[in-house]
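Participant: Same order as they appear, the protein sequences are chains V and D.
To get my numbering, take the position in the first sequence, counting from 1, and add 7.
To get my numbering, take the position in the second sequence, counting from 1, and add 1385.
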Amino acid sequence: MLETAVYIPWIAALGALVCGVLCLMPSLKHYAGPVCVVSILAGFVLSVGAFMDPGHPLDAHGHEQHAPWTHQHDKQSSEEAEDTSHNETHTHVGDKTDHHDDSKIAEGVVIRTKPWIYVGGYEDSKTGQYTYGDPTHDPEDTHGLTIAYGYYFDGLTMAMLLVITGIGSLIAIYAMGYMKGDPGVARFFSAMALFIFAMTTLVMADNLVLLFLGWEGVGLCSYLLIGYYYGKDSAVAAAKKAFIVNRIGDFGFLIGIFLCFQQFGSTDFAVIFSDPRIAEDGVALPFAIQAIPFCLMIGAFGKSAQIPLFVWLPDAMAGPTPVSALVHAATMVTAGVYLIARMMPVFSAVPESLTVVAVVGGFTALFAGTIALCSNDLKGVFAYSTVSQLGYMFLGLGAASTVGAVSHLATHAFFKALLFLTAGSVMHALAGTLDIRKMGGMGKHMPVTKWLMFVGCLALAGFPLTAGFFSKDEIIAATWIVGIEEGSGLFILLGILALVTAVLTAFYTFRLWFIVFSGETRYEMGDEHHSEDDAHDDHHAHEPHEMPWWPMNAPLILLAIGSVVSGFILVKKGVMVKLIAASSANLPILHNPTADTIHVLMMIISGILAVGGIFFAYVFYSNNAARAKIVANLFKGPVALLQGKYFIDEFYDRVIVRPLFITGQVLYLIDQLVIHATIMSFGWAPRLIGRSVQPTQAGRLQGYGLGMVAGVAAIALLLLFLL
Amino acid sequence: MEAILDKLSHLWPEITMLIGACACLIAGLSSKQVVRKATPGVAMATLVASGVVLLAFGRTDTSHFLGLGAMAAYLKLAVLAMGLLLVFVATGTVDRLKQVVAAEAREGKAFEPGDDFRAEFFAFMLFSLTGVMLTAGASDLVWLFLALELTSLPTYVMVATSRDRDGALAQESAVKYFFLGALSAAVFLYGFTLIYGATGFTEFNQIAAHVQENGASPLMILGVTLSVVGVCFKIAAVPMHFYTADVYQGAATPVTAFLAFVPKAAGMIALIALLGLPLSDVNSETGAIQLPEPLVYLVALIAAVTMTVGNALGLVQTNLKRVLAYSSIAHSGYMLVGILVGPMLARSLMEANPDADTSLSNGTAAVLFYLIAYGLSTVGAFAVLGSLERKDGGEVQSYDDLAGMRLRHPFMAGVLLVSVISLVGLPPLVGFIGKLYLIGSAYAAGTSDAGHAGLYRGLVVLLILNSAMSAGYYLRIVGTAFFGEDKGQTVEAGVPLRRVGGILAALASIALGGYPNAGALAKAAKEAAEPTDRVEPAAEHEDAKERQSAFRLSDPY
């Protein structure tokens, strides 16, 4: 089944194409939803098939090409060798002969098509044949660049594919109901399917350039979907903001790709990871290689909305809610996490880079968590919460726990999608109202939504035994383990931050839930009418209503189940460990008594903190907003600061946007006055010559005769000088 | 006497033309209207007959001093073909108004020969064309002078008689044309005199031999300079360009088309010959003989100023005939570049490497090609103007008249498009190929003549800049015709043959274009400009010396 997995992106692309055609046929546009769902579901089926395949990268035999690379871990004790022994059993004997005995080999299956980009090449001196690219991949002797449209399957790819197509299918099904009756529904589903195409290409790419293609593709779809309601200025502005902020990140990413090509002679993962300078420890790395992870990191921070490039994500909620759930919570924003996990061999070769990732992630988690505390925007809370949770994932990556990071990525996809979609239901029921101060006691009208969101909130808050609890705990524990084992004060600080963030998360999550669903029933209807042709349209005017089971609440049930059990399966059952072990993101997991103790301790502490946070939220916000007001009045300053979102947008505006704008205006003036004027003068010069010569064409015979004779005289005089 | 008879044997095509001209004179003055109407037909038949005679009995002048004996045949044939086209365009020019003729017929008035100019008009056309053909075969200064004047003198009369309406305008311009033409004739005749004074010969072969032997004296250079400047009148180049716009505007449009090609062709041929005379400097690198330094700079200067002034004036002009007049000045400037590099390469290239592909480096070939390319395009454009007339009977002269003609006269709009685009020099039309050859030859000259590399490269750049500049007014013509708002001011003139002429010109512009070296014309021009049958220098030398001494004996001094 693994070979058929290469069709996953293309089925989605076909879906996008069909939906695109349906855009042109208004009478058929309501088929766009099913087409999109089918194209994504087919991808999911193929992903599962690939996952179940015996030819799975865990047991990769008999595929076209294998790209083994070594990744040596000298710090590992014998215990880890046991833990990762499953890995050894699945590698080929032939490929391993020259590897160190203590090396762990993670490998992906590479399925390649013909190379599609050639830059440069070299001529064989004997045959005279010109070959593109450099087959020897000798880093000292890079002749050219060959880029194949190749796919790369390993455990990480599998995990990502399952999340993208699985969660994507559920969200697309929900969207069929949510977007029903919207005039641009075909456009919406076309962009959704295109997004799946780009996202799956991103995670399946076997080289950085193809990955970048998918990266830009999801960026484009994000832009299209944020700006879906292009009639609204705020949506257009948000779309542009997302696109432009991501360009800043992409700049770093591109430099990273260039450096990879310069240093390794290829952008293929297999080549990069098997490069001796990466694969072997203790090699002094040149500055250019050391710079690669930092460059890639900038791209990851942009796409995954980390400090300082997080400002676009909260605004991106201007798109339809299923988009917020799929693109801006579950999948696209995790592309940065995926990138760092994918390039983990390079990152772990430069340990400082992982520290930077951890610091940025840890601070982003806390920073965004505090903003979410005081946000009154239903989707805004979840947006900042997403930034915060992504910060956790980066912290996990930085603490060398790719398992924790990717597990949290997967569980977060479940519960954040659930939260966004239930929020979307509330918004839908209230015809577009997003301000939680205008809501209360919605549980009476929307019992199913209420309890579905409750499950999501529990998972997000990290309530013991829910999905978020296990995955978040993995990260927090990893941070503390690094801090204690290596005696790193920085990581202990990050661990403390992570715990504080955990309390905040539990608090702000349930603050929202209590405000919206408990207390007195109060609501204000918004002015949006999603479904003109809906039978229940008349209810909109009167009161909120529960969403229909199909197609909206049914997929939410599945998401809720995932939100509860996925953590247990992925983390406790070790599925993710196996997947990651069979991938380039494989890093040693410490298992010694101290680490185990810390792990258990952290589980207990974070469980208590989560329950505590929920309790505080209950105390302040359940049926008694007065208490919250008293507290809020005590901390007027901080609350204003948080409600202003630390005034980061204003800060960027003053420090970056305005000066750039003014510079632009000045340059425009210079362009107009100097360059434009110069160019125009070139155009005017011939006319000026013409006008100045025109008087000689006065029509008088004498004048002409005089001109001719004068010309002859002038030439004769000139001749005197020339002779 | 034998020499004259020998020369005459080369002249059967010209003699045929003269006979045809006389036939035109007779037919045009016939008392029968049908015969009078057939005068253009007689002219066409004469041109065809002359062409047949040329192909059947034409001989290559093996003693041509530049070794360019094949050039004469090429030029004669080209002039005959263009002449045919010009007769198409010129039909109906001097026809009297139908109403007048009808009224006279009603009154029973007898045919009055003094009232009808057909006979003179077409006879003079043929005379003028004969003049060009003679210029192409000229091998002597006196002959060249007579041939040039034979080309020009009939055109003065053609301008004067060309317009029934606005006759005063035509006569005014004819007078200007005549006086200034006479002035220029004086200048180049003076130049001829100085050449004779400097060398003692009037025959090209002898002059060239003398110069090669003794070097070009300052007097010789002054003589050639004055000759060149005088001939600049024929090609409408600075500083003799002043008359162009006035005369082109004053003459009837078909006559303007004639003026834009025929005297220019004669002048170009004369310049090729005249600048072949003083080849004396030896290029220190290639060993090739080349023009004396002062002449190189003078011709380059004239070329540069001519193309720039022409295009600059064209940009600010609003009268279409004047615009095309300035365009014709600019094209003369382009061709002067080819003339400048021609003599040097024509002689040296074949000697250096007989098998080399010189199609992009032979300046003379480029000029021979460009002359026809320019002729076809400009005659096509004038044919369009001539095939239309204003509703009030006036000539089409302003941009407004053309506005929106795409809808009313789609065919002529197409012809205009092809002609003007070819004049701009856009591929794949013939004008583009011509410009490519000119630029290529100048560039190659810059490569082979390191001493003047900057000069030739500078001319290339200027030529390209000027092409861009010229697009400014050419494209305005097309833009007006195709996208302008139709003002409904024009109707088709009742002379279908003019339209045929225009369409033929446009078709030729397309057919002779294509890609470089594709067309028959390009091949012919290349062959014509390559010294095919060079006389052994030694034998020629002896011969020349002998004649020289013979001449000296009778020298009164």
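C-beta atoms are modelled at their ideal positions from N, C-alpha and C, and glycine is treated no differently.
Please find out if some non-hydrogen atom of the ligand ADP comes closer than 7 Å to the beta-carbon of GLY376(V).
Facilitator: What this structure holds is no ligand at all, so the ligand ADP is not there to describe.
Participant: In chain D, which residues lie with their C-beta within 9 Å of the C-beta of ILE178(V)?
Facilitator: For the purposes of this step, residue 178(V) is taken as the residue at position 171 of the first sequence. Chain D residues near ILE178(V): none, gap ~52 Å exceeds 9 Å.
Participant: Measure from the alpha carbon of THR1431(D) to the alpha carbon of each residue in TRP1397(D), LEU1529(D), SER1547(D), GLN1484(D), then state which is nearest.
Facilitator: Position 46 of the second sequence, counting from 1, holds the residue named residue 1431(D). Among TRP1397(D), LEU1529(D), SER1547(D), GLN1484(D), the Cα nearest to that of THR1431(D) belongs to TRP1397(D).
Participant: Hey, would you say GLY1635(D) sits closer than 8 Å to LEU1554(D), going by beta carbons?
Facilitator: The residue labelled residue 1635(D) in the question sits at position 250 within the second sequence. The residue labelled residue 1554(D) in the question sits at position 169 within the second sequence. It is a contact, given that the beta carbons lie within the stated cut-off.
Participant: What residues match up with SER1537(D) in a beta bridge as DSSP calls it?
Facilitator: As a working mapping, residue 1537(D) is identified with position 152 in the second sequence. None; SER1537(D) has no bridge partner.
Participant: Suppose the cutoff is 8 Å on Cβ atoms and the five residues either side in sequence are ignored; what does the same chain contact list for VAL344(V) look like?
Facilitator: Mapped onto the first sequence, residue 344(V) falls at position 337. Excluding positions up to five away in sequence, the list reads ALA307, SER311, LEU397, MET400, PHE401, LEU404, ALA412, VAL413, LEU416.
Participant: In the structure shown, what three-state DSSP assignment does LEU1811(D) receive?
Facilitator: The residue you call residue 1811(D) lines up with position 426 of the second sequence. DSSP places LEU1811(D) in coil when its eight states are reduced to three.
Participant: What is the DSSP secondary structure of TYR156(V), reduced to helix, strand or coil?
Facilitator: Counting from 1 along the first sequence, the entry for residue 156(V) is found at position 149. Of the three classes helix, strand and coil, the one that applies to TYR156(V) here is coil, per DSSP.
Participant: Would ILE686(V) count as contacting chain D if we go by Cβ distances under 8 Å?
Facilitator: Translated into the one-based positions of the first sequence, residue 686(V) becomes position 679. Chain D contact via Cβ: absent.
Participant: For VAL1876(D), which beta-bridge partners are listed by DSSP?
Facilitator: Within the second sequence, the letter at position 491 stands for residue 1876(D). Within the DSSP secondary-structure output, VAL1876(D) pairs in a beta bridge with GLU1774(D).
Participant: Hey, how far is the Cα of PRO471(V) from the Cα of GLY173(V)?
Facilitator: For this step, residue 471(V) is matched to residue 464 along the first sequence. For this step, residue 173(V) is matched to residue 166 along the first sequence. When rounded, the distance between both Cα atoms is 25 Å.
Participant: Please report how far the alpha carbon of LEU1792(D) lies from the alpha carbon of ARG1884(D), in whole angstroms.
Facilitator: Along the second sequence, read from residue 1 onward, the residue named residue 1792(D) stands at position 407. Along the second sequence, read from residue 1 onward, the residue named residue 1884(D) stands at position 499. Separation of LEU1792(D) and ARG1884(D) (C-alpha to C-alpha, rounded to the nearest whole angstrom) is 16 Å.
Participant: How is GLY494(V) classed by DSSP in three states: helix, strand or coil?
Facilitator: By one-based count along the first sequence, residue 494(V) stands at place 487. Collapsing the DSSP output to three states places GLY494(V) in coil.
Participant: DSSP three-state call for GLY188(V): helix, strand or coil?
Facilitator: For the purposes of this step, residue 188(V) is taken as residue 181 along the first sequence, with counting starting at 1. The answer is coil: DSSP assigns GLY188(V) none of H, G, I, E or B.
Participant: Would you decide whether HIS1716(D) is buried or exposed? Buried here means 16 or more other CB atoms lie within 10 Å of its CB.
Facilitator: Translated into the one-based positions of the second sequence, residue 1716(D) becomes position 331. Buried, since its Cβ has 16 or more Cβ neighbours within 10 Å.
Participant: Rounded to whole angstroms, how far is the Cβ of LEU1847(D) from the Cβ of LEU1823(D), which I believe are closer than 8 Å?
Facilitator: Taking the second sequence and counting its residues from 1, the one referred to as residue 1847(D) is at position 462. Taking the second sequence and counting its residues from 1, the one referred to as residue 1823(D) is at position 438. Their Cβ separation, rounded to whole angstroms, is 12 Å, which puts LEU1847(D) and LEU1823(D) out of contact at 8 Å.
Participant: Classify ALA200(V): buried if its beta carbon has 16 or more other beta carbons within 10 angstroms, exposed otherwise.
Facilitator: Working through the first sequence from its first residue, we reach residue 200(V) at position 193. It counts as buried.
Participant: Counting only Cβ-Cβ distances shorter than 9 Å, please list the residues of the stretch 676–704 of chain V near chain D, keeping chain order.
Facilitator: GLY690, ALA692, PRO693, ARG694, LEU695, ILE696, GLY697, ARG698, SER699, VAL700, GLN701, THR703, GLN704
Participant: Might you give, ordered along the chain, the residues of its own chain that have their beta carbon closer than 6 Å to the beta carbon of GLY1798(D), omitting 5 neighbours on each side?
Facilitator: Within the second sequence, the letter at position 413 stands for residue 1798(D). Residue identity check: residue 1798(D) is Ala in the sequence provided, not Gly. Answer for ALA1798(D): MET1790, ARG1791, ALA1866, listed in chain order.
Participant: Quick one: complete alpha helix (DSSP H) runs, 4+ long, within the stretch 1589–1675 of chain D?
Facilitator: 1589–1599, 1603–1620, 1628–1635, 1638–1659
Participant: Taking 8 Å as the CB-CB limit, is TYR137(V) close to chain D?
Facilitator: Locating residue 137(V) in the first sequence gives position 130, where the first residue counts as 1. Residue confidence is low: TYR137(V) scores 49 on pLDDT, short of 50, so the model does not pin down where it sits. No coordinate-derived value is stated.
Participant: Here's a check: name, in chain order, each residue in its chain whose Cβ is nearer than 8 Å to the Cβ of PRO454(V), leaving out the five neighbours to either side.
Facilitator: Along the first sequence, read from residue 1 onward, the residue named residue 454(V) stands at position 447. Exclusion of the five residues before and after PRO454(V) leaves GLU553 as the residues of its chain whose Cβ lies within less than 8 Å of its Cβ.
Participant: Verify the CB distance criterion: does ALA542(V) have a CB-CB separation below 8 Å to chain D?
Facilitator: Looking up residue 542(V) in the first sequence gives position 535. Residue confidence for ALA542(V) is low, a pLDDT of 44 falling below 50, so the modelled location carries little weight; the figure read from the coordinates is stated next. No, ALA542(V) lies away from the interface with chain D (no Cβ there is under 8 Å from its Cβ).
Participant: DSSP three-state call for ALA88(V): helix, strand or coil?
Facilitator: Residue 88(V) sits at position 81 when you count from the first residue of the first sequence. Only weak support is given to the placement of ALA88(V): the predicted model assigns it a pLDDT of 38, under 50, and the value that follows is read from those uncertain coordinates. Here ALA88(V) sits in helix by DSSP.
Participant: Would you say VAL1781(D) faces chain V, with C-beta separation under 8 Å as the test?
Facilitator: By one-based count along the second sequence, residue 1781(D) stands at place 396. Not closer than 8 Å to any Cβ of chain V, the Cβ of VAL1781(D) fails to qualify, so no.
Participant: In the structure shown, what three-state DSSP assignment does GLU527(V) receive?
Facilitator: Position 520 of the first sequence, counted from the start, is the residue given in the question as residue 527(V). GLU527(V) falls in the coil class under three-state DSSP.
Participant: Name the two residues that bound the continuous alpha helix (DSSP H) containing ARG707(V).
Facilitator: Along the first sequence, read from residue 1 onward, the residue named residue 707(V) stands at position 700. For ARG707(V), there is no enclosing alpha helix (DSSP H), as DSSP marks it with neither H nor E.
Participant: Can you tell me which of the three DSSP states ASP257(V) falls into?
Facilitator: In the first sequence, residue 257(V) corresponds to position 250, counting from 1. Helix at ASP257(V).
Participant: Beta-carbon separation of LEU373(V) and VAL510(V) under 8 Å?
Facilitator: Looking up residue 373(V) in the first sequence gives position 366. Looking up residue 510(V) in the first sequence gives position 503. It is not a contact, given that the beta carbons lie outside the stated cut-off.
Participant: For VAL1623(D), return the contacting residues in chain V, with the cut-off set at a CB-CB distance below 8 Å.
Facilitator: Walking along the second sequence from the start, residue 1623(D) turns up at place 238. GLY718, listed in chain order.
Participant: Within 10 angstroms of the Cβ of VAL330(V), are there 16 or more other Cβ atoms? Answer buried if so, exposed if not.
Facilitator: For this step, residue 330(V) is matched to residue 323 along the first sequence. That one is buried.
Participant: Given a cut-off of 8 Å on the beta-carbon distance, is the pair ILE1818(D) and VAL1863(D) in contact?
Facilitator: In the second sequence, the residue the question calls residue 1818(D) occupies position 433. In the second sequence, the residue the question calls residue 1863(D) occupies position 478. Cβ distance not < 8 Å, so ILE1818(D) and VAL1863(D) don't count as in contact.
Participant: Would you list, in chain order, the members of the stretch 1556–1585 of chain D that have their beta-carbon closer than 8 Å to a beta-carbon of chain V?
Facilitator: For the stretch 1556–1585 of chain D, which is checked against every Cβ of chain V, the residues closer than 8 Å are VAL1560, LYS1561, PHE1564, LEU1565, LEU1568, SER1569, VAL1572.
Participant: According to DSSP, is ASN593(V) part of a helix, a strand, or is it coil?
Facilitator: Your numbering for residue 593(V) matches position 586 in the first sequence. In this structure, ASN593(V) counts as coil in the three-state DSSP scheme.
Participant: Could you work out which residues of chain V lie near THR1610(D), taking near to mean beta carbons separated by less than 8 Å?
Facilitator: Within the second sequence, the letter at position 225 stands for residue 1610(D). Neighbours of THR1610(D) on chain V, chain order: ILE722, ALA723, LEU726.
Participant: Classify GLY1576(D) as buried or exposed, calling it buried when 16 or more other Cβ atoms lie within 10 Å of its own Cβ.
Facilitator: Position 191 of the second sequence, counted from the start, is the residue given in the question as residue 1576(D). Buried, since its Cβ has 16 or more Cβ neighbours within 10 Å.
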